[in-house]
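Student:
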Amino acid sequence: MSITKEQWAEIEKQLSGMMGRVKLMCDGYEIDANIERCKMRLYVMVYVDGCVKGEWIANREGSEIPLKFHREQKRPAAGAKMRAWYLKESKSRFWSKEQRAAHAAKARKTFSTWMPYWTNAQAFCRHIRKTCTSIELVKIGY
1 MSITKEQWAE IEKQLSGMMG RVKLMCDGYE IDANIERCKM RLYVMVYVDG
51 CVKGEWIANR EGSEIPLKFH REQKRPAAGA KMRAWYLKES KSRFWSKEQR
101 AAHAAKARKT FSTWMPYWTN AQAFCRHIRK TCTSIELVKI GY
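Structure (structure tokens):
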């Protein structure tokens, strides 16, 4: 059974409040989305089958769970000073063409982590709708 527009609005309303909780079944996984305080802010924390595993944050094994339910956070691989240096050297005539291209690639290089929390309910709901094929509402505000 698919979720209606009214149910999505109720889910977003519940997860926008102070003590919101929603339980969903998405592609065979039980998803608990709760409002929790983390880093002095309120976030939508996502638990898949009742837990959050540390191995999902780095996702080195290529698991589908963080890709479906967690928020991707991209960070630059080098610090600001090194990125500025790489960009400057990528335009320098001193280096060969291949070395300039390597410097430019190092300046653009990023790495990704998958965080088990979302900054707002709308972003969480939008991502779930895009990545999951079957979504069922189990409970709201339990």
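Once you know that position 7 of the sequence shown is 7 in our numbering, the rest is easy, because the numbers rise by one and skip nothing. Just so you know, even glycine gets a beta-carbon here, dropped at the ideal spot from N, CA and C. No experiment lies behind these values; they were computed from the predicted model shown.
1. For A78, which residues from the same chain have a beta carbon less than 8 Å from its beta carbon, with the 5 sequence-adjacent residues on both sides left out?
2. Relative to the C-alpha of V46, which residue among K130, K23 and R126 is closest?
3. Straight-line CA distance for V52 to Y117?
4. Could you tell me if A121 is buried or exposed, where buried requires 16 or more neighbouring beta carbons within 10 angstroms of its beta carbon?
5. Return the chain-ordered list of same chain residues with a C-beta closer than 6 Å to the C-beta of K73, the five sequence neighbours on each side being excluded.
6. With the cut-off set at 9 Å, would you say Y29 and I3 are in Cβ contact?
7. Rounded C-beta distance between I35 and G17? I'm assuming under 8 Å.
8. Check whether the Cβ atoms of T131 and F69 sit closer than 9 Å, and answer yes or no.
9. Hey, F124 and L42 are a contact pair by Cβ (cut 8 Å); roughly how many whole angstroms apart?
10. Taking the Cβ atom as the reference point for each residue, do G20 and A33 lie within a distance shorter than 9 Å?
11. Mind reading off the beta-carbon distance from S90 to R83? Whole number of angstroms is fine, and I expect it under 8 Å.
12. So I140 and C26 are supposed to be a Cβ contact under 8 Å. How far apart are they, rounded?
13. Taking the DSSP output, what are the residues bridged to M25?
Tutor: Put simply:
1. Y86, K106, A107 and K109
2. K23
3. 10 Å
4. buried
5. Note on residue identity: the sequence assigns Gln, not Lys, to residue 73. T113 and M115.
6. no
7. 7 Å
8. yes
9. About 13 Å; that fails the 8 Å criterion.
10. yes
11. About 10 Å separates the two Cβ atoms, so there is no contact after all.
12. I140 to C26, Cβ: 15 Å. No contact.
13. E30 and E136
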